[in-house]
Structures are given as structure tokens and as C-alpha cells.
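Asks: From first to last, the protein sequence lines are chains A and B. If you're matching positions, the first sequence starts at 2 in this note's numbering and goes up one per residue. If you're matching positions, the second sequence starts at 20 in this note's numbering and goes up one per residue. Heads up, the beta-carbon is just placed ideally off N, CA and C, and yes, glycines get one too.
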Amino acid sequence: MSDIGLSIAGSGLAADAAEIDTISNNLSNIDTPGYAAEQVNLSPEAANGPYGAGQGVLIGSITSLTDAVFSAANVAAQGTSSGATQFSQMMSSIEAIFPEPSSNGIASQLTSLWSAISTLASNPNQVGAEQAAVSAAQSVASSISSSFAQLSQLSSSLQSQVGTGTNDGGLLTEANNLLGQVATLNSGIVEGSSGGQNPNVLSDQVSSDVNQLANLLGVNAVKQANGTTTVLLNGVQLVSGNVAQSLAATGSATTTNLALKTSNGVVVSAGGSIGANLTAVNTTIPDYMQQLDSVADSLATNLNALQSSGMDAAGDPGSAIAGGYTGTILPPIFVNNGSANTYTTGTGTFNSAASIEVAPALLASPSLIATASAPGPGNSNAIGTATLDGSNAQAMAALASLSTGPDAAYQTLIGALGNQASSASAYSTMSSAQASTAANNLSSISGVNENNEEVALMAAQNAFQATSQVVNAINASFQSLLSAV
Amino acid sequence: MDISDVAFTQTLMDQLSSQSNGIAQLQEQIASGKALNQPSDNPAAVTQVLALSSQVSQLASWQTNSDTATSWLATANSTANSMLESLQSAQSLLLQAANEGAQDSTTFQALGSQINGIVSNLMSLANTQFGGRAIFAGTSASSTAYDATGNYLGNADSPTVVIGPGQGAGQTVATSVPGTALFGTGAANVFSTLSTVATALLSGTPSSTVISNAMTALGSNIATAQQASAVLGNSSEEVSNVTATLTNQITSVQASQANLEDVNVATATTQLESETTNYQAALWAAAQSLPDTLVKFLVP
């Protein structure tokens, strides 16, 4: 026994204190995002000479419990899940624009139109029936254009949610700030390690940032040998060491595609919630806008064709006739907003659904609807002669069951919307289950388990007490030795 | 594998929230009475429901039209029957005139004024209106079918309504016949036949040729009217057949729509019951297990 015994006991007490501190730190950070549980790595100190006892314990290091594979899988799964959830929510917003099946959707307004026209066919010169048919046409047109306006409203709010990347409070700005933070933390890790400091806290912050970046962009993260983290987006380096790229929005949803560009000028596609928004504004919403155009076009072209080939109850023709006609030539039923007589179908960047409306002249005089067929074989109608023939209106009402008619086009739209929304929701459920699994897997390694910490705490406490007892024993021995002298 | 405390609570929260989603969906279904509240609830069924409700509305339009046709045809049929009765009484008056031989002029004049009475009766029958339209004026916009002198003002087209599916506008049925089909055409119409013979009778000295010519003409007028009456009868029968079919179709289409769209309350409530039980069990389990860590047993 020598006074070396006291220093051995001292090293034990220090080790136990380090254990207790670490446990205490772990328990404090049990809910901290990105925190990986830490453990104290101890090693025995070798004995002096062949017959000496060991010289106590050495605190090697305090390391974070992480696993590169699980943590990469977790980052990927969080990105996928966040994108899928965002997309599914966006699909629900589109569904809310088309409330079907219900009594106030476009489908039921179309059926009201056909039954109003059918009533008109039986009562061709009744003012009430004419008014009802024209009003029904007006409600369909305004529902189509207001649904379109809501789609474009949704698109612009998704775009402003993404933002341009220049301090506008958008998701891109948030992502750029996080990228900058990771670069700063990376340089801190390098400096700290070389200065002998523990980089665990900085690493934990990086992993919290990377998780947020995964939610926003669907990034991957690779831990380098020097402790820094490289952030990649579809193979493009966004953060490498202490250098961060910033992202900016480029292009436009209406003309080209809205995309992301790094400060190096590389165009990169994104996942996560930003990627989901970009897909929605570039592909999904324009697709439903086009389908809505088809509904409007089918409605307008079919009804306008019958209108222009018929004549109204007063005998006015639907289109100019050879030899001229001194009376009124009937207006079309539907026109583009701002035009008196023309309806253009949707092509390219022109969306007919946005501007469909009932011709102002027809709104002003509903009697100008072509209920009668033009003079021809099988009827004794004559231009300029009043008639109660309702056969043209009958043909209009029959558009209800036309396989290429507006009802069919609208049903196709709703079918496509329902399928896409339900598969988006299923995918979102599945990917969030996968994300939970990935998070649990990582957490089984990095997470703090209270029970385990308690057990370790008990052990450390017992060891501390036992070592204290050794100090006591050495002290007592010295006291008795001193009093004996 | 160690389950960290964060993972443990997260899993628990995920499960509770997925269960409460299920409960919310069932509650929405039961409250609205509809199993389909948005397109994604069942895309195929929603599209089918839209098609079915458009079909119901079309069937309902046809039903309205067939009701209109029934009313028109009932009016036209009863008018045609009254007209035939009038023609038959005119025929018996003419027979009487022919059999009288060389009678005194007052008898002929009495017969003549009776026939004139029949003519004005026929005139009012010919101008019968339904819903403000002269039913025997064809598709013409004229408010009367015949003027006071018996000239036809309408046209030769029959008014029609659509009562079912078919080529073009669909299955059309004539709701009436043009006046000419019932009352005869031009100089051979009933008004001209009867007016001519009435004038002769009123003179007191009708020639037997005029009477016998009138009898022949009236005979062919009756034949024409009977033919038109048969056409009206056929139309009525067609409409009444279609009406019965339409009613059945509407009922069955509405039933299939309801099958797809309406929630089965018994099933939904049972499901809700079981989801709620599961949810409560999960809550109970959470309440039991969450507070339990080693600390509870270590610290007295």
C-alpha cells in the first residue's frame, strides 16, 4: 500500500463522476432533436513494474452512439415521408376545389343545365324556360372558371410557400439558412477537434439540421473522416466542409418548369416538401387545369355548334345565311371572357376554363337561344318565321349522354383526381410508417433509454461509493500509522 | 434491440393518431350519411355515382316530357273523339236531308242551321289550346290552328317531345297531330265540306247532288279523322308504356346510386364501436406503460 493507492482511487472517482455526468447529460437531452446518446470510453492504466497493481482507470473519450447506415437511411426516409405528406395534403386541397359527389359540384350543375334545356325544348317560347336555361348555362360557366381560379390560387400559394430563396421567409430561405449553418458547424468541428475539444455537440446540431434539410429538400448526408458532414441533393454537393451552396428558384410554373439552381448555376431537382410543391405547380395542377379546359371546351363547342346551326323561336338564324338576313343573327352560347362572339378552345398557355362565360348578348336576351332546327327536310321551319319547334333544344339536351360530352370529360377528371389523391394518401401513410421505422432503428442505437441510463447510474453510483470507501480505508490506515509513530 | 424513450412515445403517438383518424372518418360518414365525401374515398364509385346521377336526371327529364306528352295526348284524344261524334251527327243530319226527298224548305233550313252549329263547334274543337298553345297548329307559333273561315294557320309538323334514349336527340314521340291530319286538307277539310252543304240546305232548295257529294266528302273526312285518332291512340300507348318503364328505371338507378353513395349505418356504427374500443385500449395501455420507468421503483 502506498500513497499511489489514493491516486488510483482518485482516477476511479473521476471516471465514475464522468459516467454520472454523461448519464445526466443523456437524460437531460432525452427529447433533444438530433441528440445521440453518449458513452464514456474507459481503459485501465497499466501497472508499474512486473509486480505492481494497475494504476487505475483512464478516461479515453466520450463518444456519441451513432451508426452511419441507420442514420443515412433515416435521413432518406424522413425526406421521402415529408415529400409524400406534403403532396398528399396538396391533393386534398385540390379535392376540396371539386366537392364531389354533392349537390353543389360542377356535375350537378351540368345536369341542371340539361334538364333546363329539356324543359325549354317542350316549351320553346316560354320566357321562364329560356331564362332558366341561360341561367343554368351561366352557373356552369362560372363554376368552371371559379374552380380554375382556385387551382391557380393554390398553385401560386404553393409557389410562394417555396419562395425565391432570397430572404422572403419561404421554405427555400429556410433551407439556405440550414445549409449555411451546417457549413459553419463543419468548420467548428474541424477547429474543435484540432483544439482537443469534444465535437459531439456540434455533430448533434449538424444531424438536427440535416434532418430538417431532409424534410425540406430530401437531401442525403455523408459523414467524412474528419467529422464534417457533406450534404448532397441528388448527387449535387450543397455543403462540403465549410462551403455551402445556396439555392434559388429558377424558371416559372406557367411557361417553363419551376426548378432550383445552386449558386454555382447547377439546376437540381429536389425531394421533400419543396420537391412536392414543385411537382404540384409544374405537373399536377397544370394537368387538372387542362382537364378542366377539356370540360369547358366540350361544353362550349358542342352547344355552340348546335346554337349556330339552329334558329330561335322568332326564326332568327344561328349563323349568317346566303343572301343575307336583316334580323338578328344569334350569338353563340359560350364565349371567352371579353369577347362578344368568339370561343377559343384551350391550347398551350391559353386556358379556356379560366375565361368561359355565357355570351353577353344571350344573357341580355335569353330568347336568342336556338330552340328550333334550321329549315330543312323533315320540318317546315323558315328563316324569319316564328316557330315552336323544339327539336334543336332536344338535341342540346341529348348532349347529357354524349360519350365525348362535358359530363363524361368531368367524370374523367374526377376519376383521375380521386385515384391520384387516394394513392398519394396511401403513399404518404406508407412512407411515414417507413420513416417511423427508420427513426426507431436509429433511435435504438442513438436514442436515450431511461431504464438503461438508470441502471448505469446505479452502477456508477455504487462504484463511486465503493471507491470512496477505498479512500476512507487508505485514510484510516495512514491515520493509525501516524498515531503509532 | 433497445427501444429508446423517444421512439417509444413516438410509436405510441403515431398509433393513437392513426386510430383517431379512422374514428374521425367513420364519424364523418355517419354524420353525413354518405360513404363518399370526396373523390378519393372511392374513386371508381365516385365516378360511377356521378354517371348514375346524370342518368337519373336524364330519366327524370324524360319522365317530365312523357307527363307533358300524356296531358297533350289526352287533350288531343278527347278532342278527336268529340270531333268524330260531331261528324257522325252531321252524317245523320245529311242522311235525313237525303231521305226527305222533296221536302219543305223549312226542314232543309233547320237541318242547315244545325250543321252550321256543328261547324262552329268543330271550329272551337280545332282551336283547342293546351298550356297556351294551339295543339292542332303543328309547330307553328300561331295561337290558333284555324281562322274563322276554316283556313289552316299551322304547319305540317307534329310537336314532339323526347321520352327516351335513341338516335340523335333520342326517342321522340308526337304529342299531337297537325290540324290537317285530323280535319282534312285545304278545300277537302271538314269545315269546307260542311259549310258548303249547310249553305245549300239553308237556301231551302238543295240539289240532291250537293247532298250526296257532301256525304261522300264527309265519309272520307271521317276516315281521315279516324286514322288521325288511331295515330294519337298509338302515341298515347307508347307514352304510357315508356312512363311505366321510366318510373322503374329511376327507382333502380337511384337504388344503385344509394348503394354506392350512402353509408351502411349498421356496419359503420359497428366499425366505429370497435375502433373506439381499440382506441380506448391503446389509451389505457399508454396510461399504464408511460409512467413506468426504473426510477419509479428505485426511488422510494
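#1: Where does B:S111 land, buried or exposed, given buried means 16+ other C-beta within 10 angstroms?
#2: Which residue's Cα is closest to the Cα of A:L121: B:T30, B:L279, B:V180, B:G185?
#3: Take B:T98 and list the residues in its own chain whose beta-carbon comes closer than 7 Å to its own, dropping the five residues that flank it on each side.
#4: Assuming A:S113 contacts A:A137 (C-beta within less than 8 Å), just tell me the rounded distance between them.
#5: Cutting at 7 Å between CB atoms, please list the residues of its own chain near A:A271, excluding the five before and the five after it.
#6: Which whole runs of the beta strand (DSSP E) in the region 351-420 of chain A are 3 residues long or more, in chain order?
#7: Starting from B:K315, follow the beta strand (DSSP E) in both directions and report where the run begins and ends.
#8: Output the boundary residues of the alpha helix (DSSP H) element that contains B:G136.
#9: What does the Cβ neighbour count give for A:E46, buried or exposed, with the cut at 16 atoms within 10 Å?
#10: Just checking: is the beta-carbon of A:G448 within a distance shorter than 8 Å of some beta-carbon in chain B?
#11: Taking C-alpha atoms, which residue in A:V135, A:S93, A:G57, A:S119 lies nearest to A:P332?
#12: Using a Cβ-Cβ cut-off of less than 7 Å, list which residues of the region 414-428 of chain A approach chain B; keep chain order.
#13: Report the residues of the region 377-397 of chain A with a CB closer than 7 Å to any CB of chain B, ordered along the chain.
#14: Could you tell me whether any Cβ in chain B is nearer than 8 Å to the Cβ of A:Q412?
#15: Taking a cut of 7 Å between CB atoms, which residues from the region 239-270 of chain B lie near chain A?
#16: Taking A:A249 as part of the beta strand (DSSP E), name the residues at either end of that continuous run.
#17: Could one say the Cβ of A:F351 lies closer than 8 Å to chain B's Cβ atoms, at least one of them?
#18: Name the chain B residues that come within less than 8 Å of A:S445, Cβ to Cβ?
#19: Output, in sequence order along the chain, the residues in the region 13-38 of chain A whose CB is closer than 7 Å to any CB in chain B.
#20: Return the Cβ separation of A:S368 and A:A315 in integer angstroms, given the expectation that the two are a contact with Cβ distance under 8 Å.
#21: Spell out whether any CB of chain B is found under 8 Å from the CB atom of A:A371.
#22: Have a look at A:T1 and B:S271 and give me their C-alpha separation to the nearest angstrom.
#23: What are the residues of the region 83-106 of chain A that lie near chain B, defined by any Cβ-Cβ distance shorter than 7 Å?
#24: In chain order, what residues of the same chain have a beta carbon less than 6 Å from the beta carbon of A:N442, not counting five sequence neighbours either side?
#25: Note down, in chain order, each residue of its chain lying with its Cβ closer than 8 Å to the Cβ of B:V258, except the 5 sequence neighbours on either side.
#26: Just the Cα atoms here: how many angstroms apart are A:V202 and A:T438?
#27: When the distance is taken between beta carbons, is B:G189 closer than 8 Å to B:F127?
#28: Between B:S80 and chain A, is there a C-beta pair that is closer than 8 Å?
#29: With DSSP as the reference, label A:V268 as helix, strand or coil.
#30: With burial defined as no fewer than 16 other Cβ atoms inside 10 Å of the residue's Cβ, what is the status of B:N278: buried or exposed?
#31: Ignore the nearest five residues each way along the sequence and tell me which others in B:A160's own chain have a CB closer than 6 Å to its CB.
#32: Residue ranges of each alpha helix (DSSP H) run of no fewer than 4 residues wholly in the region 275-314 of chain B, ordered along the chain?
#33: Which two residues bound the contiguous beta strand (DSSP E) that contains A:N337?
#34: Identify each residue in the region 120-143 of chain A for which the Cβ-Cβ distance to at least one residue of chain B is less than 9 Å, and report them in chain order.
#35: Quick check: is the beta carbon of B:N174 nearer than 8 Å to any beta carbon in chain A?
Replies: The answer reads as follows:
#1: Exposure of B:S111 is indicated by the presence of fewer than 16 other C-beta atoms within 10 angstroms of its C-beta.
#2: Closest option to A:L121, Cα to Cα, is B:V180.
#3: The answer, listed in chain order, is L144, T147.
#4: Their Cβ separation, rounded to whole angstroms, is 5 Å, which keeps A:S113 and A:A137 in contact under 8 Å.
#5: Excluding sequence neighbours, A:A271 sits near L218, G219, L234, L261, L279.
#6: Whole beta strand (DSSP E) segments, 3+ residues: 357-359.
#7: Counting along the chain, B:K315 falls outside any beta strand (DSSP E), though it belongs to the alpha helix (DSSP H) covering 313-317.
#8: First-last of the alpha helix (DSSP H) with B:G136: 124-145.
#9: With fewer than 16 other Cβ atoms from the protein chains shown falling within 10 Å of its own Cβ, A:E46 counts as exposed.
#10: Chain B, which has a Cβ nearer than 8 Å to the Cβ of A:G448, makes this yes.
#11: Closest by alpha carbon: A:V135.
#12: Look at the region 414-428 of chain A: the residues with a C-beta under 7 Å from a C-beta of chain B are I415, G416, L418, G419, N420, A422, S423, S426.
#13: Of all residues in the region 377-397 of chain A, the ones placed with a Cβ closer than 7 Å to any Cβ belonging to chain B are N380, S381, A387, T388, L389, D390, S392, Q395, A396, in chain order.
#14: Nearest CB-CB separation between A:Q412 and chain B: below the 8 Å threshold.
#15: Across the region 239-270 of chain B, no CB contact with chain A closer than 7 Å is found for any residue.
#16: DSSP places A:A249 inside the beta strand (DSSP E), whose first and last residues are 248-251.
#17: Chain B, which has no Cβ nearer than 8 Å to the Cβ of A:F351, makes this no.
#18: Within chain B, the residues near A:S445 are M20, D21, I22, S23, A26.
#19: Under the 7 Å Cβ criterion, the region 13-38 of chain A contributes I31, D32.
#20: Correct: roughly 7 Å between the Cβ atoms.
#21: Chain B, which has no Cβ nearer than 8 Å to the Cβ of A:A371, makes this no.
#22: Examination of residue 1 of chain A is not possible in this model, given that chain A is present from 2 through 486 alone.
#23: For chain B, the residues of the region 83-106 of chain A that bring a beta carbon within less than 7 Å of one of its beta carbons are E96, F99, E101, P102, in chain order.
#24: Same-chain partners within the cutoff: F71.
#25: The residues are S85, A88, T89, L92, I182, V192.
#26: Approximately 25 Å between the Cα atoms of the pair.
#27: No, these two residues do not count as a Cβ contact at 8 Å.
#28: It does; some Cβ of chain A falls within 8 Å.
#29: Residue state, collapsed to three classes: strand.
#30: B:N278 should be labelled exposed.
#31: Exclusion of the five residues before and after B:A160 leaves no residue of its chain whose Cβ lies closer than 6 Å to its Cβ.
#32: Those alpha helix (DSSP H) runs which fall completely within the region 275-314 of chain B and span 4+ residues are 284-308.
#33: Run containing A:N337: 335-337, per the beta strand (DSSP E) assignment.
#34: The region 120-143 of chain A vs chain B, Cβ under 9 Å: T120, A122, S123, N124, P125, N126, Q127.
#35: So, interface residue.
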